[in-house]
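S.K.:
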Amino acid sequence: MHYHAFVIKYAEIGIKGKNRYIFEDALVKQIERVLKNVEGTFNVTKVSGRVYLEAKDYDFDETVAALQTVFGITGICPTVCVSRDGDGKLPDPAGISKKVIEFVDGVYPDKHKTFKVKCRRVDKSYPKDSQEMDRDLGSDILDAFPEMKVDVHNPDILINVEIREQLNIFSEIIPGPGGMPTGSAGKAMLLLSGGIDSPVAGYMVAKRGVEIEAVYFNAPPYTSERAKQKVIDLAGVVAKYTGRVKLHVINFTDIQMYIYEKCPHDELTIIMRRYMMRIAQMLALNTGCSGLVTGESIGQVASQTMESLLCTNAVVDKMPVYRPVIAFDKQDIVDISLKIDAYETSILPYEDCCTIFVAKHPVTKPRIDIIEHHENNLAERIDQMIKTAIDTDEIIEIVK
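Take the sequence shown: its letters are residues 1 to 400, numbered as in this note's numbering.
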(Lines of atoms letter the chains of each structure in order from A and count residues from 1; the text may use other names and numbers.)
(Lines give C-alpha, C1' and ligand atoms only; values in the text may rest on other atoms or scores of the structure.)
Protein backbone atom coordinates (compact mmCIF):
# COMPACT_ATOMS: atom_id res chain seq x y z
CA MET A 1 0.00 0.00 0.00
CA HIS A 2 1.22 3.49 -0.82
CA TYR A 3 0.54 5.81 2.08
CA HIS A 4 -0.22 9.50 1.68
CA ALA A 5 -0.08 10.39 5.36
CA PHE A 6 1.69 9.68 8.63
CA VAL A 7 0.57 10.15 12.20
CA ILE A 8 3.57 11.39 14.21
CA LYS A 9 3.51 10.22 17.81
CA TYR A 10 5.22 11.95 20.72
CA ALA A 11 5.39 11.17 24.42
CA GLU A 12 6.64 13.74 26.95
CA ILE A 13 5.33 16.66 24.95
CA GLY A 14 1.84 15.43 25.75
CA ILE A 15 2.23 16.19 29.48
CA LYS A 16 3.48 19.76 29.10
CA GLY A 17 0.20 21.39 30.04
CA LYS A 18 -0.29 24.99 28.94
CA ASN A 19 3.21 25.08 27.38
CA ARG A 20 2.52 22.07 25.21
CA TYR A 21 2.01 24.15 22.06
CA ILE A 22 5.59 25.48 22.33
CA PHE A 23 7.01 21.97 22.13
CA GLU A 24 4.58 20.94 19.40
CA ASP A 25 5.59 23.97 17.34
CA ALA A 26 9.27 23.10 17.85
CA LEU A 27 8.56 19.53 16.73
CA VAL A 28 6.76 20.70 13.60
CA LYS A 29 9.65 23.03 12.81
CA GLN A 30 12.19 20.19 13.08
CA ILE A 31 10.06 17.87 10.92
CA GLU A 32 9.83 20.57 8.24
CA ARG A 33 13.60 21.09 8.48
CA VAL A 34 14.56 17.47 7.77
CA LEU A 35 12.01 17.10 4.98
CA LYS A 36 13.56 19.99 3.04
CA ASN A 37 16.30 17.53 2.07
CA VAL A 38 13.83 14.84 0.96
CA GLU A 39 12.29 14.74 -2.50
CA GLY A 40 8.52 15.09 -2.39
CA THR A 41 5.72 17.42 -1.36
CA PHE A 42 5.00 17.51 2.37
CA ASN A 43 2.58 19.31 4.63
CA VAL A 44 2.95 19.15 8.42
CA THR A 45 0.02 20.13 10.63
CA LYS A 46 -0.94 19.75 14.28
CA VAL A 47 -4.52 19.19 15.34
CA SER A 48 -5.88 18.29 18.78
CA GLY A 49 -2.89 16.42 20.18
CA ARG A 50 -1.80 14.93 16.88
CA VAL A 51 0.87 15.90 14.39
CA TYR A 52 0.07 14.86 10.82
CA LEU A 53 2.33 14.63 7.81
CA GLU A 54 0.76 14.58 4.37
CA ALA A 55 3.11 13.33 1.66
CA LYS A 56 2.95 13.23 -2.14
CA ASP A 57 5.40 12.01 -4.77
CA TYR A 58 7.87 10.91 -2.10
CA ASP A 59 10.16 8.01 -1.27
CA PHE A 60 8.84 6.11 1.75
CA ASP A 61 12.18 4.82 3.10
CA GLU A 62 13.96 8.15 2.66
CA THR A 63 11.15 10.01 4.40
CA VAL A 64 11.05 7.62 7.35
CA ALA A 65 14.86 7.76 7.70
CA ALA A 66 14.69 11.56 7.85
CA LEU A 67 11.92 11.50 10.47
CA GLN A 68 13.98 9.09 12.59
CA THR A 69 16.51 11.88 13.15
CA VAL A 70 13.93 14.24 14.71
CA PHE A 71 14.11 14.33 18.47
CA GLY A 72 10.65 14.36 20.04
CA ILE A 73 9.19 11.74 17.69
CA THR A 74 8.47 8.42 19.40
CA GLY A 75 6.50 6.79 16.61
CA ILE A 76 6.02 7.19 12.85
CA CYS A 77 2.73 5.66 11.74
CA PRO A 78 1.99 5.19 8.03
CA THR A 79 -1.70 6.05 7.97
CA VAL A 80 -4.80 5.94 5.84
CA CYS A 81 -6.70 9.15 6.54
CA VAL A 82 -10.31 9.68 5.56
CA SER A 83 -11.59 13.26 5.67
CA ARG A 84 -15.10 14.36 6.55
CA ASP A 85 -17.54 14.83 3.69
CA GLY A 86 -19.01 18.13 2.53
CA ASP A 87 -21.50 18.05 5.40
CA GLY A 88 -18.71 17.60 7.95
CA LYS A 89 -19.54 13.95 8.59
CA LEU A 90 -17.26 10.96 8.91
CA PRO A 91 -18.16 7.61 7.33
CA ASP A 92 -20.88 5.70 9.18
CA PRO A 93 -19.89 2.46 11.00
CA ALA A 94 -20.40 0.40 7.84
CA GLY A 95 -18.23 2.85 5.91
CA ILE A 96 -15.47 2.66 8.51
CA SER A 97 -15.65 -1.13 8.44
CA LYS A 98 -15.19 -1.06 4.65
CA LYS A 99 -12.15 1.23 4.97
CA VAL A 100 -10.57 -0.96 7.66
CA ILE A 101 -11.07 -4.15 5.62
CA GLU A 102 -9.50 -2.44 2.58
CA PHE A 103 -6.60 -1.38 4.79
CA VAL A 104 -5.98 -4.90 6.12
CA ASP A 105 -6.25 -6.40 2.65
CA GLY A 106 -3.81 -3.88 1.16
CA VAL A 107 -1.20 -3.96 3.91
CA TYR A 108 -1.18 -7.69 4.78
CA PRO A 109 -1.25 -10.01 1.75
CA ASP A 110 -0.66 -12.95 4.09
CA LYS A 111 -3.78 -13.16 6.23
CA HIS A 112 -2.57 -16.00 8.44
CA LYS A 113 -2.04 -13.65 11.35
CA THR A 114 -3.58 -12.80 14.68
CA PHE A 115 -4.98 -9.33 15.22
CA LYS A 116 -6.60 -6.94 17.62
CA VAL A 117 -8.60 -3.78 16.88
CA LYS A 118 -8.03 -0.76 19.09
CA CYS A 119 -10.49 2.04 18.40
CA ARG A 120 -10.21 5.49 19.95
CA ARG A 121 -13.28 7.68 19.67
CA VAL A 122 -12.08 11.23 20.31
CA ASP A 123 -15.17 12.67 18.58
CA LYS A 124 -17.78 11.82 21.22
CA SER A 125 -20.61 12.72 18.86
CA TYR A 126 -19.95 9.56 16.84
CA PRO A 127 -22.88 7.13 17.37
CA LYS A 128 -20.83 4.13 18.57
CA ASP A 129 -18.33 4.15 21.41
CA SER A 130 -14.83 2.66 21.27
CA GLN A 131 -15.71 -0.73 22.71
CA GLU A 132 -18.61 -1.19 20.31
CA MET A 133 -16.35 -0.27 17.39
CA ASP A 134 -13.65 -2.71 18.57
CA ARG A 135 -16.16 -5.54 18.71
CA ASP A 136 -17.93 -4.77 15.45
CA LEU A 137 -14.76 -4.13 13.42
CA GLY A 138 -13.16 -7.30 14.77
CA SER A 139 -16.21 -9.29 13.74
CA ASP A 140 -16.24 -7.71 10.26
CA ILE A 141 -12.53 -8.51 9.74
CA LEU A 142 -13.11 -12.15 10.72
CA ASP A 143 -16.01 -12.36 8.27
CA ALA A 144 -13.87 -10.89 5.50
CA PHE A 145 -10.76 -12.96 6.26
CA PRO A 146 -11.66 -16.23 8.05
CA GLU A 147 -8.01 -17.29 8.16
CA MET A 148 -7.24 -14.47 10.60
CA LYS A 149 -7.63 -14.98 14.36
CA VAL A 150 -8.24 -12.61 17.25
CA ASP A 151 -5.59 -12.33 19.98
CA VAL A 152 -6.25 -9.53 22.43
CA HIS A 153 -3.06 -10.15 24.44
CA ASN A 154 -0.23 -10.58 21.94
CA PRO A 155 -1.49 -10.02 18.39
CA ASP A 156 0.66 -10.05 15.27
CA ILE A 157 -1.22 -6.96 14.09
CA LEU A 158 -2.66 -4.13 16.18
CA ILE A 159 -5.12 -2.21 14.01
CA ASN A 160 -5.55 1.32 15.33
CA VAL A 161 -8.69 3.19 14.34
CA GLU A 162 -8.99 6.80 15.47
CA ILE A 163 -12.26 8.72 15.15
CA ARG A 164 -11.11 12.31 15.44
CA GLU A 165 -11.40 15.38 13.21
CA GLN A 166 -10.78 12.75 10.53
CA LEU A 167 -10.63 8.97 10.43
CA ASN A 168 -7.13 7.52 10.93
CA ILE A 169 -6.30 3.85 10.31
CA PHE A 170 -2.79 2.55 11.00
CA SER A 171 -1.06 -0.55 12.32
CA GLU A 172 2.69 -0.08 12.00
CA ILE A 173 4.49 2.16 14.47
CA ILE A 174 8.06 2.78 13.33
CA PRO A 175 10.15 3.91 16.32
CA GLY A 176 11.54 7.44 16.40
CA PRO A 177 14.47 8.65 18.52
CA GLY A 178 12.31 9.98 21.37
CA GLY A 179 13.44 12.87 23.54
CA MET A 180 12.40 16.48 23.09
CA PRO A 181 12.54 18.63 19.92
CA THR A 182 15.74 20.57 19.33
CA GLY A 183 15.50 24.19 20.37
CA SER A 184 13.03 23.61 23.20
CA ALA A 185 15.59 23.56 26.05
CA GLY A 186 18.30 26.18 25.52
CA LYS A 187 21.86 25.78 24.26
CA ALA A 188 25.05 24.14 25.55
CA MET A 189 28.73 24.04 24.60
CA LEU A 190 30.07 20.56 23.85
CA LEU A 191 33.78 19.84 24.34
CA LEU A 192 34.22 17.70 21.24
CA SER A 193 37.29 15.54 20.75
CA GLY A 194 37.95 12.91 18.12
CA GLY A 195 37.02 10.04 20.44
CA ILE A 196 33.95 7.89 20.92
CA ASP A 197 32.54 9.51 24.06
CA SER A 198 32.02 13.21 23.32
CA PRO A 199 29.84 12.82 20.18
CA VAL A 200 27.63 10.44 22.16
CA ALA A 201 27.43 12.98 24.99
CA GLY A 202 26.44 15.69 22.52
CA TYR A 203 23.78 13.43 20.98
CA MET A 204 22.32 12.58 24.39
CA VAL A 205 22.05 16.18 25.56
CA ALA A 206 20.65 17.24 22.19
CA LYS A 207 18.03 14.52 22.61
CA ARG A 208 16.67 16.51 25.54
CA GLY A 209 15.94 19.45 23.24
CA VAL A 210 19.24 21.29 23.74
CA GLU A 211 20.82 23.17 20.84
CA ILE A 212 24.52 22.28 20.54
CA GLU A 213 27.58 24.39 19.88
CA ALA A 214 30.94 22.64 20.10
CA VAL A 215 34.58 23.45 20.75
CA TYR A 216 37.57 21.47 19.54
CA PHE A 217 41.08 22.07 20.85
CA ASN A 218 43.48 21.76 17.96
CA ALA A 219 47.25 21.38 18.42
CA PRO A 220 49.07 21.77 15.11
CA PRO A 221 51.61 20.55 14.11
CA TYR A 222 51.21 17.80 16.73
CA THR A 223 47.75 17.03 15.39
CA SER A 224 47.02 16.82 11.68
CA GLU A 225 44.41 18.30 9.38
CA ARG A 226 42.93 14.80 9.18
CA ALA A 227 42.38 14.88 12.95
CA LYS A 228 40.58 18.20 12.59
CA GLN A 229 38.46 16.89 9.71
CA LYS A 230 37.56 13.87 11.84
CA VAL A 231 36.11 16.20 14.48
CA ILE A 232 34.24 18.21 11.84
CA ASP A 233 32.72 14.94 10.62
CA LEU A 234 31.71 14.00 14.18
CA ALA A 235 30.09 17.41 14.62
CA GLY A 236 28.18 16.55 11.45
CA VAL A 237 26.86 13.40 13.11
CA VAL A 238 25.37 15.52 15.90
CA ALA A 239 24.11 18.07 13.36
CA LYS A 240 22.19 15.30 11.57
CA TYR A 241 19.88 15.30 14.60
CA THR A 242 20.03 18.99 15.57
CA GLY A 243 20.13 20.59 12.12
CA ARG A 244 23.07 22.83 12.88
CA VAL A 245 26.26 22.78 14.95
CA LYS A 246 28.59 25.76 15.22
CA LEU A 247 32.07 24.32 15.80
CA HIS A 248 34.74 26.49 17.42
CA VAL A 249 38.30 25.36 16.60
CA ILE A 250 40.73 26.69 19.22
CA ASN A 251 44.47 26.63 18.57
CA PHE A 252 45.74 25.13 21.82
CA THR A 253 49.34 24.38 20.88
CA ASP A 254 51.04 27.34 22.59
CA ILE A 255 49.07 26.83 25.80
CA GLN A 256 49.93 23.13 25.85
CA MET A 257 53.61 23.77 25.28
CA TYR A 258 53.64 26.41 28.02
CA ILE A 259 52.03 23.99 30.47
CA TYR A 260 54.51 21.33 29.39
CA GLU A 261 57.41 23.68 30.14
CA LYS A 262 56.17 25.07 33.46
CA CYS A 263 54.20 22.32 35.23
CA PRO A 264 54.93 18.79 36.54
CA HIS A 265 54.48 16.28 33.78
CA ASP A 266 52.31 13.93 35.82
CA GLU A 267 49.79 16.78 36.10
CA LEU A 268 49.82 17.78 32.42
CA THR A 269 46.48 16.25 31.49
CA ILE A 270 44.63 17.67 34.49
CA ILE A 271 46.01 21.18 34.03
CA MET A 272 45.35 21.09 30.27
CA ARG A 273 41.79 19.95 30.92
CA ARG A 274 41.30 22.78 33.41
CA TYR A 275 42.33 25.34 30.79
CA MET A 276 40.11 23.72 28.19
CA MET A 277 37.20 24.04 30.59
CA ARG A 278 38.06 27.67 31.29
CA ILE A 279 38.14 28.50 27.58
CA ALA A 280 34.98 26.49 26.89
CA GLN A 281 33.16 28.43 29.62
CA MET A 282 34.31 31.74 28.12
CA LEU A 283 33.05 30.69 24.69
CA ALA A 284 29.79 29.49 26.21
CA LEU A 285 29.21 32.80 27.95
CA ASN A 286 29.96 34.68 24.72
CA THR A 287 27.52 32.58 22.68
CA GLY A 288 24.53 32.33 25.01
CA CYS A 289 25.12 28.77 26.16
CA SER A 290 23.80 27.74 29.56
CA GLY A 291 26.16 24.84 30.29
CA LEU A 292 29.10 22.74 29.19
CA VAL A 293 28.83 19.13 27.97
CA THR A 294 31.64 16.58 28.18
CA GLY A 295 32.01 12.88 27.40
CA GLU A 296 33.68 12.03 30.70
CA SER A 297 32.92 8.70 32.38
CA ILE A 298 34.07 7.90 35.92
CA GLY A 299 37.31 5.94 35.99
CA GLN A 300 37.66 5.50 32.24
CA VAL A 301 41.07 7.22 32.17
CA ALA A 302 43.32 8.93 34.72
CA SER A 303 41.78 12.35 34.07
CA GLN A 304 38.32 10.97 34.85
CA THR A 305 38.73 9.68 38.38
CA MET A 306 36.50 11.30 40.99
CA GLU A 307 39.43 13.40 42.22
CA SER A 308 40.39 14.45 38.68
CA LEU A 309 36.83 15.43 37.81
CA LEU A 310 36.68 17.50 40.99
CA CYS A 311 39.81 19.36 39.89
CA THR A 312 38.60 20.06 36.35
CA ASN A 313 35.12 21.00 37.50
CA ALA A 314 36.48 23.54 39.99
CA VAL A 315 37.36 26.07 37.27
CA VAL A 316 33.81 26.20 35.88
CA ASP A 317 32.07 28.65 38.19
CA LYS A 318 29.37 30.28 36.05
CA MET A 319 27.41 27.34 34.66
CA PRO A 320 26.82 23.61 35.16
CA VAL A 321 28.82 20.86 33.49
CA TYR A 322 26.64 18.11 32.03
CA ARG A 323 28.21 14.64 31.75
CA PRO A 324 25.52 12.38 30.27
CA VAL A 325 27.75 9.27 30.00
CA ILE A 326 29.27 9.67 33.47
CA ALA A 327 28.10 6.23 34.73
CA PHE A 328 28.20 4.35 31.43
CA ASP A 329 30.44 1.37 30.72
CA LYS A 330 32.50 1.78 27.58
CA GLN A 331 30.36 -0.73 25.72
CA ASP A 332 27.24 1.29 26.57
CA ILE A 333 28.84 4.30 24.90
CA VAL A 334 30.04 2.26 21.92
CA ASP A 335 26.51 0.91 21.39
CA ILE A 336 25.09 4.44 21.09
CA SER A 337 28.02 5.51 18.90
CA LEU A 338 27.20 2.65 16.53
CA LYS A 339 23.50 3.54 16.55
CA ILE A 340 24.12 7.14 15.50
CA ASP A 341 26.79 6.17 12.91
CA ALA A 342 29.63 7.93 14.75
CA TYR A 343 31.73 4.91 15.67
CA GLU A 344 33.60 4.31 12.42
CA THR A 345 34.67 7.95 12.33
CA SER A 346 35.57 8.02 16.04
CA ILE A 347 38.02 5.12 15.73
CA LEU A 348 39.98 6.61 12.85
CA PRO A 349 43.63 6.64 14.01
CA TYR A 350 44.24 10.40 14.19
CA GLU A 351 45.54 11.68 17.52
CA ASP A 352 43.95 14.54 19.42
CA CYS A 353 45.79 17.04 21.58
CA CYS A 354 45.14 15.20 24.85
CA THR A 355 46.63 11.89 23.70
CA ILE A 356 49.69 13.59 22.21
CA PHE A 357 50.72 15.19 25.50
CA VAL A 358 49.61 12.48 27.93
CA ALA A 359 52.11 11.73 30.71
CA LYS A 360 53.62 8.28 31.08
CA HIS A 361 52.41 8.09 34.69
CA PRO A 362 49.61 10.67 35.11
CA VAL A 363 48.40 11.57 38.56
CA THR A 364 45.09 9.85 39.33
CA LYS A 365 44.23 11.53 42.65
CA PRO A 366 45.16 15.18 42.18
CA ARG A 367 44.58 17.73 44.92
CA ILE A 368 43.10 21.08 43.91
CA ASP A 369 45.44 23.07 46.17
CA ILE A 370 48.52 21.46 44.64
CA ILE A 371 47.23 21.87 41.09
CA GLU A 372 46.42 25.54 41.73
CA HIS A 373 49.89 26.05 43.21
CA HIS A 374 51.55 24.65 40.10
CA GLU A 375 49.29 26.72 37.85
CA ASN A 376 50.85 29.80 39.45
CA ASN A 377 53.91 28.97 37.32
CA LEU A 378 51.82 30.02 34.30
CA ALA A 379 50.74 33.41 35.65
CA GLU A 380 53.15 35.48 33.57
CA ARG A 381 51.69 34.63 30.14
CA ILE A 382 48.65 32.40 30.42
CA ASP A 383 45.94 35.11 30.41
CA GLN A 384 47.25 36.64 27.20
CA MET A 385 47.59 33.18 25.63
CA ILE A 386 43.96 32.39 26.44
CA LYS A 387 42.86 35.73 24.96
CA THR A 388 44.83 35.02 21.78
CA ALA A 389 43.34 31.54 21.52
CA ILE A 390 39.79 32.91 21.79
CA ASP A 391 40.49 35.86 19.49
CA THR A 392 41.76 33.48 16.79
CA ASP A 393 38.82 31.09 17.18
CA GLU A 394 37.99 29.45 13.82
CA ILE A 395 34.22 28.98 13.51
CA ILE A 396 32.88 26.28 11.22
CA GLU A 397 29.11 26.13 10.59
CA ILE A 398 27.89 22.61 9.99
CA VAL A 399 24.34 22.43 8.65
CA LYS A 400 22.39 19.26 7.85
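Each residue gets a CB set at the ideal place from its N, CA and C atoms; glycine is no exception.
All values reported here derive from a predicted model rather than from experimental measurement.
Assuming D140 contacts I101 under a Cβ cut-off of 8 Å, what Cβ separation, rounded to an integer in Å, is found between them?
M.R.: Taking the first residue of the sequence shown as position 1, residue 140 is located at position 140. Taking the first residue of the sequence shown as position 1, residue 101 is located at position 101. Between I101 and D140 the Cβ distance is about 6 Å, and since that is below 8 Å, they are a contact.
S.K.: With 16 as the cutoff for other CB atoms within 10 Å, does G288 come out buried or exposed?
M.R.: The residue you call residue 288 lines up with position 288 of the sequence shown. Label assigned to G288: exposed.
S.K.: Would you mind sorting S48 into buried or exposed? The rule is 16 or more other CB atoms within 10 Å of its CB.
M.R.: Position 48 of the sequence shown holds residue 48. Looking at its Cβ environment, which holds fewer than 16 other Cβ atoms inside 10 Å, S48 is exposed.
S.K.: In this structure, what does DSSP give as the bridge partners for M180?
M.R.: Working through the sequence shown from its first residue, we reach residue 180 at position 180. For M180, which the question treats as bridged, DSSP gives the partners R208.
S.K.: Once the 5 residues before and after I212 are set aside, which same chain residues still bring their CB inside 6 Å of it?
M.R.: Here the question's residue 212 lines up with position 212 in the sequence shown. For I212, where only same-chain residues beyond five positions count, the Cβ hits under 6 Å are L190, G202, A206, V238, T242 and V245.
S.K.: When we look at the beta-carbon of I370 and count the other beta-carbons within 10 Å, is it buried (16 or more) or exposed?
M.R.: The residue given as residue 370 occupies position 370 in the sequence shown. The residue is exposed, with fewer than 16 neighbouring Cβ atoms inside 10 Å.
S.K.: Which residue's Cα is closest to the Cα of P181: C81, L67, H112 and L137?
M.R.: Against the sequence shown, residue 181 aligns to sequence position 181. Measuring from the Cα of P181, the nearest candidate turns out to be L67.
S.K.: Tell me whether the beta-carbon of G114 lies closer than 8 Å to the beta-carbon of Y10.
M.R.: If you number the sequence shown from 1, residue 114 lands on position 114. If you number the sequence shown from 1, residue 10 lands on position 10. Rather than Gly, the amino acid found at residue 114 in this sequence is Thr. Their beta carbons are not under 8 Å apart, which means T114 does not touch Y10 by this criterion.
S.K.: Quick one: residues in its chain with C-beta nearer than 6 Å to the C-beta of T320, no 5 flanking neighbours on either side, listed in chain order?
M.R.: The residue labelled residue 320 in the question sits at position 320 within the sequence shown. According to the sequence shown, residue 320 is Pro rather than Thr. Around P320: G291.
S.K.: Going by beta carbon distance, what residues of the same chain come within less than 8 Å of D332, once the five residues before and after it are set aside?
M.R.: For the purposes of this step, residue 332 is taken as the residue at position 332 of the sequence shown. Closer than 8 Å at Cβ, skipping near neighbours: V325.
S.K.: In terms of DSSP beta bridges, what is K118 paired with?
M.R.: Looking up residue 118 in the sequence shown gives position 118. Beta-bridge pairing links K118 to N160.
S.K.: State the DSSP-derived secondary structure class of I8, mapped to helix, strand or coil.
M.R.: What you label residue 8 is simply residue 8 of the sequence shown in a count that begins at 1. Strand at I8.
S.K.: Please report how far the alpha carbon of T392 lies from the alpha carbon of A65, in whole angstroms.
M.R.: Against the sequence shown, residue 392 aligns to sequence position 392. Against the sequence shown, residue 65 aligns to sequence position 65. Cα-Cα distance, rounded: 38 Å.
S.K.: Which first and last residues belong to the beta strand (DSSP E) in which M257 is found?
M.R.: In the sequence shown, the residue the question calls residue 257 occupies position 257. From DSSP, M257 is part of no beta strand (DSSP E) but of the alpha helix (DSSP H) over T253 to K262.
S.K.: Distance check for I250 and E380, CA to CA, integer angstroms please.
M.R.: Taking the first residue of the sequence shown as 1, we reach residue 380 at position 380. Taking the first residue of the sequence shown as 1, we reach residue 250 at position 250. One C-alpha to the other measures close to 21 Å.
S.K.: Can you give the Cα-Cα distance for T345 and S337, rounded to whole angstroms?
M.R.: Counting from 1 along the sequence shown, the entry for residue 345 is found at position 345. Counting from 1 along the sequence shown, the entry for residue 337 is found at position 337. The straight-line gap from Cα to Cα measures roughly 10 Å.
S.K.: Could you tell me whether the Cβ atoms of I259 and C311 are closer together than 8 Å?
M.R.: Residue mapping note: residue 259 aligns to position 259 of the sequence shown, counting from 1. Residue mapping note: residue 311 aligns to position 311 of the sequence shown, counting from 1. Result no, Cβ atoms of I259 and C311 do not sit closer than 8 Å.
S.K.: Start and end of the alpha helix (DSSP H) containing M189?
M.R.: Counting from 1 along the sequence shown, the entry for residue 189 is found at position 189. Here M189 belongs to no alpha helix (DSSP H); instead the beta strand (DSSP E) covers K187 to L191.
S.K.: Specify the secondary structure class of V200 as computed by DSSP and reduced to three states.
M.R.: Here residue 200 corresponds to residue number 200 of the sequence shown, with the count starting at 1. Here V200 sits in helix by DSSP.
S.K.: Starting from F71, follow the beta strand (DSSP E) in both directions and report where the run begins and ends.
M.R.: Translated into the one-based positions of the sequence shown, residue 71 becomes position 71. From DSSP, F71 is part of no beta strand (DSSP E); its letter is neither H nor E.
S.K.: Does the count of Cβ pairs from the region 116-124 and the region 157-170 closer than 8 Å reach three?
M.R.: The answer is yes - the region 157-170 touches the region 116-124, with three or more Cβ pairs under 8 Å.
S.K.: For K56, which beta-bridge partners are listed by DSSP?
M.R.: What you label residue 56 is simply residue 56 of the sequence shown in a count that begins at 1. T41.
S.K.: Measure the C-alpha to C-alpha separation of A188 and A284 and round it to an integer number of angstroms.
M.R.: Sequence index remark: in the sequence shown, residue 188 carries index 188 (1-based). Sequence index remark: in the sequence shown, residue 284 carries index 284 (1-based). Approximately 7 Å between the Cα atoms of the pair.
S.K.: Verify whether the separation of the beta carbon atoms of A214 and T253 is less than 8 Å.
M.R.: Along the sequence shown, one-based indexing puts residue 214 at 214. Along the sequence shown, one-based indexing puts residue 253 at 253. No, the pair does not count as a contact, with Cβ atoms beyond the cut-off.
S.K.: Output the distance between the C-alpha atoms of T294 and Y216, rounded to the nearest integer angstrom.
M.R.: Looking up residue 294 in the sequence shown gives position 294. Looking up residue 216 in the sequence shown gives position 216. Approximately 12 Å between the Cα atoms of the pair.
S.K.: Rounded to the nearest angstrom, what separates P146 and Q166 at their Cα positions?
M.R.: Residue numbering aside, residue 146 sits at position 146 when the sequence shown is read from its first letter. Residue numbering aside, residue 166 sits at position 166 when the sequence shown is read from its first letter. Each residue's alpha carbon lies about 29 Å from the other.
S.K.: Excluding the 5 residues flanking S224 on each side, which residues of the same chain have their C-beta closer than 7 Å to its C-beta?
M.R.: The residue you call residue 224 lines up with position 224 of the sequence shown. Once the five neighbours on either side are set aside, the close Cβ partners of S224 are Y350.
S.K.: From which residue to which residue does the alpha helix (DSSP H) around L35 run?
M.R.: The residue given as residue 35 occupies position 35 in the sequence shown. L35 -> alpha helix (DSSP H) spans R20 to L35.
S.K.: Does DSSP put C289 in a helix, in a strand, or in coil?
M.R.: The residue you call residue 289 lines up with position 289 of the sequence shown. C289: coil per DSSP, three-state reduction.
S.K.: From the DSSP output, in three-state form, read off F328 for me.
M.R.: The residue you call residue 328 lines up with position 328 of the sequence shown. Note: F328 maps to coil in three-state DSSP.
S.K.: I think E307 touches K365, with their Cβ atoms under 8 Å apart; what is that distance to the nearest whole Å?
M.R.: Residue numbering aside, residue 307 sits at position 307 when the sequence shown is read from its first letter. Residue numbering aside, residue 365 sits at position 365 when the sequence shown is read from its first letter. Contact flag correct, Cβ pair sits at about 4 Å.
S.K.: What span of residues does the beta strand (DSSP E) with F170 cover, start to end?
M.R.: On the sequence shown, position 170 is the one that residue 170 refers to. Per DSSP, F170 belongs to the beta strand (DSSP E) from L167 to F170.
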